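K.L.:
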Amino acid sequence: MSPRLSIGFLTLAMTIGVGASFVYNPPQAHAQETKKKRRKEAEAAPVVLNAAAVAELQKIATDRKLRIEDLSAALKTYLPSGTHDEYIIFASGGHSGQVFMIGVPSMRLLRTIAVFSPEPWQGYGFPVGEEILAQGDHQGTEIRWGDTHHPALSETGGEYDGQFLFIGDKANARLAVIDLRDMETKQIVKNPLTVSDHGASFVTPDSEYIIEGGQYSTPLGFSYASVDDYQSAYRGMVTLWKFDRAAGRVDQTKSFALELPPYFQDLFDAGKKASNGLIFGNSFCVESVTPGFKIGEVNFEAGCSQRDTDYLHIIDWKKAEAVFAKGGAKLVNGFPVISIKTAVDEGVLCLTPEPKSPHGVDVTPNGEFVVVAGKLDPHVTIYSTKKIREAIASKKYSGTDVYGVPVLDFDAVMEKQVELGLGPLHTQYDDKGYAYTSLFLDSAVARWTLGGEYASLHSEEPWKLVTKTPVQYNIGHLVTAEGDSVSPDGRYLVAMNKWSLDRFFPTGPLLPQNFQLVDINSPGTTMPVLYDMPIGVGEPHYAQMIKADKLKPWTIYPAIGWNPHTQSIDPTAVKAGEERVVHDGHDVTVYMTAVRSHFAPDRVEVTEGDNITWKITSLEQSMDATHGFCIGGYNINLSLEPGEASTIHFKAGKPGVYPFYCTEFCSALHLEMLGYLVVKPAAPDAKLTEATKQ
Ligand code: CUK
Ligand code: CUA
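Quick note, the sequence shown lines up with residues 34 to 727 if you use our numbering.
#1: Here's the rule I'm using: 16 or more other beta-carbon atoms within 10 Å means buried, otherwise exposed. How should V56 be labelled?
#2: Since Y525 contacts P138 with CB under 8 angstroms, what's their CB separation in whole angstroms?
#3: Does any heavy atom of the ligand CUA sit closer than 8 angstroms to the C-beta of G661?
#4: Report the rounded CA-to-CA distance for A355 versus G201, giving the unit in angstroms.
#5: Start and end of the alpha helix (DSSP H) containing T375?
#6: Relative to the ligand CUA, is the shortest distance from any of its heavy atoms to the C-beta of M134 smaller than 8 angstroms?
#7: In this structure, what does DSSP give as the bridge partners for G708?
#8: Rounded to a whole number of angstroms, what is the C-alpha to C-alpha distance between Q91 and T680?
#9: Touching or not, the region 130-137 and the region 187-195, by the rule of three or more beta carbon pairs under 8 angstroms?
#10: Name the DSSP bridge partner or partners of A514?
#11: As a quick exercise: from G557, Q546 and V551, pick the residue whose alpha carbon is nearest that of G571.
#12: So for T95, helix, strand or coil by DSSP?
#13: Does DSSP classify K219 as helix, strand or coil?
#14: Per DSSP, what kind of secondary structure is A715 in: helix, strand or coil?
#15: Verify the contact flag: M270, CB atom, against every heavy atom of the ligand CUK, threshold strictly below 8 angstroms.
#16: Can you confirm whether L384, when its beta carbon is compared against all beta carbons of chain B, has any partner nearer than 9 angstroms?
#17: In this structure, does DSSP put A86 in helix, strand or coil?
#18: Assign N224 to one of two classes, buried (16 or more other C-beta atoms within 10 Å of its C-beta) or exposed (fewer than that).
#19: What does a CB cutoff of less than 7 angstroms around N668 pick up in its chain, not counting 5 residues either side in sequence?
#20: Just to confirm my understanding: we take Y756, look at its own chain, exclude 5 residues before and 5 after, and list those with CB closer than 7 angstroms. What are they?
#21: Let me confirm a value: Y709 is counted as buried when at least 16 other C-beta atoms fall within 10 Å, else exposed. Which label applies?
#22: In terms of residues, what are the limits of the beta strand (DSSP E) holding K275?
#23: Is S655 near the ligand CUA, going by C-beta to nearest heavy atom under 8 angstroms?
#24: I'd like to check one pair, D343 with H231: are the Cβ atoms closer than 9 angstroms?
#25: To the nearest angstrom, how far is the alpha carbon of L108 from that of P457?
#26: Look up D302 in the DSSP assignment and give the residues it is bridged to.
#27: Does the beta-carbon of H703, which I'm using as the reference point, lie nearer than 8 angstroms to any heavy atom of the ligand CUA?
#28: Measure from the alpha carbon of P586 to the alpha carbon of each residue in I211, V499 and G400, then state which is nearest.
#29: Report the option in P151, R214 and I348 whose CA atom is closest to the CA atom of S187.
#30: Just the C-alpha distance for A609 and G676, rounded to the nearest angstrom, thanks.
#31: Going along the chain, which residues put their C-beta within less than 7 angstroms of some heavy atom in the ligand CUK?
#32: Run through the region 129-197 for me and flag every whole alpha helix (DSSP H) of 4 or more residues, listed as ranges in chain order.
#33: Report the option in Y467, L453, I425 and I593 whose CA atom is closest to the CA atom of M656.
#34: Under 6 angstroms Cβ to Cβ from Y487, same chain only, skipping five residues before and after it: list those, please.
#35: Going by DSSP in three states, L384 sits in which element: helix, strand or coil?
#36: Taking its Cβ as the centre, do 16 or more other Cβ atoms sit within 10 Å of E217, making it buried, or is it exposed?
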């Protein structure tokens with residue numbers, strides 16, 4: 034063998050080198066080596082810009098027409114090949130129904146997580162995962178998309194703990210649970226009271242409950258009532274889904290809801306520390322006008338904004354839990370609901386005015402304040418949670434609303450109003466006593482100072498606008514590092530902009546949205562935009578940013594034969610050496626394994642009409658050695674991650690020969706990773722029997 038040939042042979046042998054006993058794993062060993070080498074090099078030789086280096090950088094900057102701010106932004110966001118980001122964003126995927134995982138500061142899209150929509154690469158819904166998608170069907174209608182709005186990381190003591198992610202679907206009032214060990218959706222729950230919602234998902238400080246607030250009032254439980262009976266028959270709601278952390282699932286039997294007046298409840302946030310035990314939720318359109326109201330005279334949105342104030346809802350969830358526990362809820366569509374009257378009698382619910390048409394409601398990290406931003410008011414309104422508690426205790430009411438809910442006196446609970454600019458929406462926090470509010474109409478991010486305990490963290494006057502950074506354009510949510518936990522990091526802010534206009538090459542009339550990374554590390558008026566990231570899939574709303582080292586995702590499943598749905602070994606998973614096809618009348622069971630670079634067995638013969646159970650186990654134990662498994666013409670495509678075991682059922686259709694193959698380029702012999710499903714015609718005598726019967 035010539036030296037050249039022998040090297041080629043060796044490489045091939047290593048790449049295809051296979052079988053559970055074969056341990057050599059070239060790509061992984063290589064990755065570790067690169068990482069170590071890089072670290073060593075950087076430690077040994079911190080960069081020194083000598084004259085030659087400066088000249089080279091000068092040439093690049095001149096050629097590319099870069100300004101000094103551009104160079105600085107590039108240096109702050111560039112990640113050398115092979116290094117990882119400090120933070121991870123979990124962003125809503127908007128209408129895509131999915132979640133995006135993005136690294137910060139590089140703003141590189143790492144992965145989409147399939148949630149409410151089928152996704153072929155992840156083998157979600159083809160048909161593995163279909164049983165999870167089907168949990169979200171609405172009264173027999175198959176729903177296979179979602180309008181995701183608010184992701185929420187699970188919390189322990191108000192800190193992101195990196196274990197679970199929840200996300201709500203506005204269009205269909207659903208909530209999904211994602212396990213962050215494998216970044217896969219484990220459960221979808223459909224709200225039994227409303228068709229659509231908005232205030233999901235937000236968690237209480239120990240993830241005891243996941244909050245799902247409604248939005249557009251309807252008769253609860255999907256029943257019918259004329260829109261003319263809006264005041265009497267339509268209601269709002271907030272649902273408290275009990276989270277069972279050990280099971281990694283929402284426990285629907287321990288969950289309940291509160292009936293609310295038919296105001297359009299919008300966003301919710303849970304109190305923390307000083308305000309733990311309370312939930313705050315805003316609303317708009319408390320005028321209770323309805324679409325179709327005074328047709329031709331005044332339009333709906335104007336009718337909705339006639340009053341100067343809407344209502345902030347204040348809910349004592351610990352009291353609500355006690356009322357539910359003692360049987361104080363009534364079943365609506367089979368789901369326990371605490372009525373407005375019971376909630377008022379038991380001191381669970383009260384209201385207080387807020388400037389009209391608010392959007393964001395965001396509790397400060399210490400729980401001392403709640404910041405409400407009104408779209409039509411240039412101020413943010415800050416409520417003191419201590420004053421709220423005192424006002425409730427001393428019954429400082431200015432009256433009740435038309436549904437008998439007590440309204441706390443605004444002046445008794447309001448701490449401050451700070452003028453920021455046009456169209457304030459959402460607020461997040463940092464570690465320096467600053468708050469950051471998105472200004473939709475101004476297309477800017479406002480930095481302003483908090484007061485109270487926070488006044489000692491900054492040198493500026495409290496409750497004052499410090500600076501505004503223009504963003505491009507029409508910002509909705511914003512997210513700072515760990516920005517709604519009890520201990521935000523500051524550092525980075527991502528502006529989630531609805532319009533991108535001229536920022537990117539035009540992609541036809543439908544343009545991407547624009548995530549902009551903003552550097553919030555320096556105090557005072559310095560707050561530059563560092564990076565523009567186009568989002569070309571759906572409209573993200575909210576995101577949360579977690580320290581990357583808090584996440585401990587598996588790189589392979591813990592054992593061969595792993596069932597990701599139960600997160601345990603599937604005792605019925607096919608083991609190496611037990612591959613076979615078993616025929617039992619018209620029931621056929623395929624026991625298959627997959628490993629580089631073959632499926633075993635690779636010829637499966639069945640008869641037209643047979644009921645097929647097809648089990649596959651990936652025998653791989655190497656990071657990233659994923660196989661796909663598709664059968665063309667059968668809408669079947671699985672993702673078999675290392676160790677994963679899957680089971681699917683289908684019926685053999687028309688006689689013919691159906692190649693199955695691996696859909697991941699897993700090795701040098703990937704194209705050879707295939708087999709035939711042979712569907713034989715039903716026996717002629719069987720056909721004869723059928724014919725004779727007629
Ligand atoms: S919402 Cu979309 S920008 Cu659903 Cu939180 Cu404000
Ligand atoms: Cu396995 Cu390609």
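Glycine included, each C-beta is placed from N, C-alpha and C at the ideal position.
Note that this is a predicted model, so its numbers are computed, not measured.
P.N.:
Looking at the atomic coordinates:
#1: Low local confidence applies: a pLDDT of 39 at V56 is under 50, so the model's placement there is unreliable, with the coordinate-based value given in what follows. So V56 ends up on the exposed side.
#2: 6 angstroms
#3: yes
#4: 26 angstroms
#5: I373 to D378
#6: no
#7: F693
#8: 59 angstroms
#9: no
#10: G523 and M578
#11: Q546
#12: helix
#13: strand
#14: coil
#15: no
#16: Absent here is chain B; the protein component of the structure consists of one chain.
#17: helix
#18: buried
#19: F159
#20: Outside the shown range of the chain (34 to 727) lies residue 756, about which nothing can therefore be said.
#21: exposed
#22: G269 to D277
#23: no
#24: no
#25: 31 angstroms
#26: F313
#27: yes
#28: I211
#29: R214
#30: 12 angstroms
#31: H182, H183, K203, H231, L300, H392, G393, L458, H459, G509, H510, H574 and Y575
#32: 163-167
#33: I593
#34: G466
#35: strand
#36: buried
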